[in-house]
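S.K.:
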Amino acid sequence: MKMKNLLKKTVAAALAAGVCVSGILLVPSPSGSNLVLADEQVPSVYTNEPVSAAQASLRPIAVMMPTDKKAQPSYGIGNAKVLYEVMEEGDMSRQMAIIDDWQGLSQIGNIRSCRDYYISLATEWDPILVHFGGVVYMKDRISAPDINNLSGISEYGVGGDKPGAGAFFRTSNRKAPHNTYTSGEGITNACNSLGYSLSLRPEHYNASHFTFAQGVNTLEQYGNALPGNVVDLSNIFPYTKSSFTYNPQTGLYQKNIHGKAHTDGLTGQQLTFSNIIVQNTKWSKRDAKGYLAFQTIDSSSDGYYFTQGRGIHITWKKASDYSPTKYYDDNGNEIQINTGKTYIGIAQEGRSPLYS
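Numbering (the working numbering), first residue to last: 1178 to 1533.
1) What residues are listed by DSSP as bridge partners for Asn1326?
2) Whole angstroms is fine: what's the gap from Glu1526's alpha carbon to Ser1461's?
3) When you compare only the Cα positions, how much space is there between Leu1396 and Pro1404?
4) From the DSSP output, which residues share a beta bridge with Asp1506?
5) Would Asp1441 pass as a contact of Leu1377 if the rule is Cβ separation under 7 Å?
6) Assuming the contact rule is C-beta atoms closer than 8 Å, Ile1288 and Tyr1358 should be a hit. Round their C-beta distance to whole Å, please.
7) Quick one, which of Lys1495, Tyr1505, Thr1484 and Pro1205 has its alpha-carbon nearest Tyr1520's?
8) How would you label Val1335, buried or exposed, when you count the other beta carbons within 10 angstroms and need 16 or more for buried?
9) Nearest by alpha-carbon distance to Pro1379: which of Arg1351, Thr1300, Lys1352 and Ile1413 is it?
10) So, helix, strand or coil for Ala1496, using DSSP?
11) Given this structure, state the Cα-to-Cα distance separating Asp1245 from Gly1286, to the nearest angstrom.
12) Where Glu1217 and Arg1528 are concerned, what is the direct C-alpha to C-alpha distance, given to the nearest angstrom?
13) Hey, Gln1284 and Tyr1252: beta-carbon distance below 7 Å or not?
14) So what's Thr1128 in DSSP terms, helix, strand or just coil?
15) Please name the residue or residues paired with Asn1424 in a DSSP beta bridge.
16) In terms of residues, what are the limits of the beta strand (DSSP E) holding Ala1239?
17) Tyr1595 and Gly1311 look like a contact to me (Cβ under 8 Å); what is the Cβ gap, rounded to whole Å?
18) Measuring alpha carbon to alpha carbon, tell me which residue in Leu1371, Arg1487 and Glu1265 is nearest Pro1425.
19) Closer than 6 Å by C-beta to Phe1421: which residues in its own chain qualify, once you throw out the five before and the five after it? Chain order, please.
20) As an exercise, report each continuous alpha helix (DSSP H) stretch of at least 4 residues that is fully enclosed by the stretch 1260–1324, in chain order.
21) Check whether the Cβ atoms of Tyr1399 and Ile1512 sit closer than 7 Å, and answer yes or no.
22) Rounded to the nearest angstrom, how far is the Cβ of Leu1282 from that of Gly1361, given a contact under 8 Å?
23) In the DSSP assignment, what are the bridge partners of Gly1471?
24) Using the three-state DSSP reduction, which class does Gly1361 fall into: helix, strand or coil?
25) I'd like to check one pair, Thr1516 with Phe1389: are the Cβ atoms closer than 7 Å?
26) Where DSSP assigns a beta bridge to Asn1452, which residues make up the other side?
27) Would you list, in sequence order, the uninterrupted alpha helix (DSSP H) runs of no fewer than 4 residues that lie entirely inside the stretch 1335–1412?
28) Please state the DSSP three-state secondary structure of Lys1246.
29) So what's Ile1254 in DSSP terms, helix, strand or just coil?
30) For Lys1418, I'd like the list of residues in its chain whose CB is within less than 6 Å of its CB, leaving aside the five on either flank, ordered along the chain.
31) Thinking just about the alpha-carbon of each residue, which of Gly1372, Thr1449 and Ala1274 is nearest to the one in Met1242?
Right, dumping it as structure tokens:
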């Protein structure tokens, strides 16, 4: 222990990822305040599960994935520690997968275009945004110097650069636009070529995300807890009819899409989550094409939290793009979520979940 502390003090001034001292690799801690041994185990900010410090210091990818029936299954989506689903034009939804352990994945996607509200949701994780184009409403934000993105075509659809376009590839087993993918190796090479940091950037990243429970939070402390064995989001996402069924044997929710198990194309396994958050969000329709806007920065909206077969009403706050979204119970206390993966459904205000 004394040797470890001495080693850390020796390099205290070198707060950069990948510092090597006497053959020992040191990386910034998840908070970015000091250096730790690369193989030291720390709690994941995404799941609270133990991961190496080297893994914890790696920037995640935020990859845009479709919900189209013809596009299922997506590859690598099972690695998403946080999975967002949000409506888009045409009364369909899209997904954004926050994946921290992406470097070893041989196939990620398929990959679709982005919308500006996804950028606001993504930035609190300081990710590398992976998408295949977008819309004109993204123009100013996607081209800002703080955003690191990879796009297979013009980054906001009608213009912009194509950063890292060489990292994408198409397969022959599906028709376009459902056959565009990337890989961990492709992302790494593209980021190195573009000068993107693969380590979390302390000038942007805030490590204070979820508050995790010590042990298991059954929500029994809430006398007015809602039933939550089945969480049905078909009123919120009428195309996908996303739903979750609680399995008491595993303590996890099994996700369905289009009335079937939602699986990962790499593993064939059904997606499971410890936590389900429904985030009611103010929204508007922008134009005749039906493009939407969501107010992802807010302090006056509510939602629901489901875990362990129960649910509660919550409120949420987000102060800025890089500020983590915080969730509170009706007593004003930050909710304590359970260890494991989290699904976040961004619901148009006025559309409510069904639960039983």
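The beta-carbon is built from N, C-alpha and C at its ideal position, and this holds for glycine as well.
M.R.: From the atom records:
1) Among the bridge pairs identified by DSSP, Asn1326 is matched with Leu1306.
2) Within the model, the alpha-carbon separation for Glu1526 versus Ser1461 is close to 10 Å.
3) Roughly 11 Å between the two C-alpha positions.
4) According to DSSP, Asp1506 bridges with nothing at all.
5) Here Asp1441 is not near Leu1377, since their CB atoms are 7 Å or more apart.
6) The C-beta separation of Ile1288 from Tyr1358 comes to about 6 Å, placing the pair in contact by the 8 Å criterion.
7) Minimum Cα distance to Tyr1520 is reached at Thr1484.
8) It counts as exposed.
9) Among Arg1351, Thr1300, Lys1352 and Ile1413, the Cα nearest to that of Pro1379 belongs to Thr1300.
10) Judged by DSSP in its simplified three-state form, Ala1496 adopts coil rather than helix or strand.
11) The alpha-carbon atoms of Asp1245 and Gly1286 are separated by roughly 13 Å.
12) Spanning the alpha carbons of Glu1217 and Arg1528 requires a straight line of approximately 44 Å.
13) Going by C-beta atoms, Gln1284 is nearer than 7 Å to Tyr1252.
14) With the chain represented from 1178 up to 1533, any question about residue 1128 goes unanswered, as that position is not in the structure.
15) Paired residues: Leu1429.
16) That run of the beta strand (DSSP E) goes Ile1238 to Pro1243.
17) The question about residue 1595 has no answer here: the residues shown for the chain are numbered 1178 through 1533.
18) Of the candidates Leu1371, Arg1487 and Glu1265, the one whose C-alpha sits nearest the C-alpha of Pro1425 is Arg1487.
19) Here Phe1421 has Val1408, Tyr1430, Lys1432 and Ile1453 as same chain residues with Cβ atoms under 6 Å from its own Cβ, once five neighbours each way along the sequence are excluded.
20) For the stretch 1260–1324, whole alpha helix (DSSP H) runs of length 4 or above, ordered along the chain, are 1293–1300 and 1316–1319.
21) It is not a contact, given that the beta carbons lie outside the stated cut-off.
22) Cβ atoms of Leu1282 and Gly1361 come within 8 Å of each other, at about 5 Å.
23) The question names Gly, but residue 1471 is Phe in the sequence shown. DSSP output for Phe1471 lists Trp1460 as bridge partner(s).
24) The answer is helix: DSSP assigns Gly1361 an H, G or I state.
25) Between Phe1389 and Thr1516, the gap from beta carbon to beta carbon is short of 7 Å.
26) Under DSSP, Asn1452 takes part in a beta bridge, and its partners are Thr1519.
27) Runs of the alpha helix (DSSP H) inside the stretch 1335–1412: 1361–1371.
28) Looking at Lys1246 - three-state DSSP - the assignment turns out to be helix.
29) In this structure, Ile1254 counts as helix in the three-state DSSP scheme.
30) Exclusion of the five residues before and after Lys1418 leaves Ser1411 as the residues of its chain whose Cβ lies within less than 6 Å of its Cβ.
31) Ranking Gly1372, Thr1449 and Ala1274 by Cα distance to Met1242 puts Ala1274 first.
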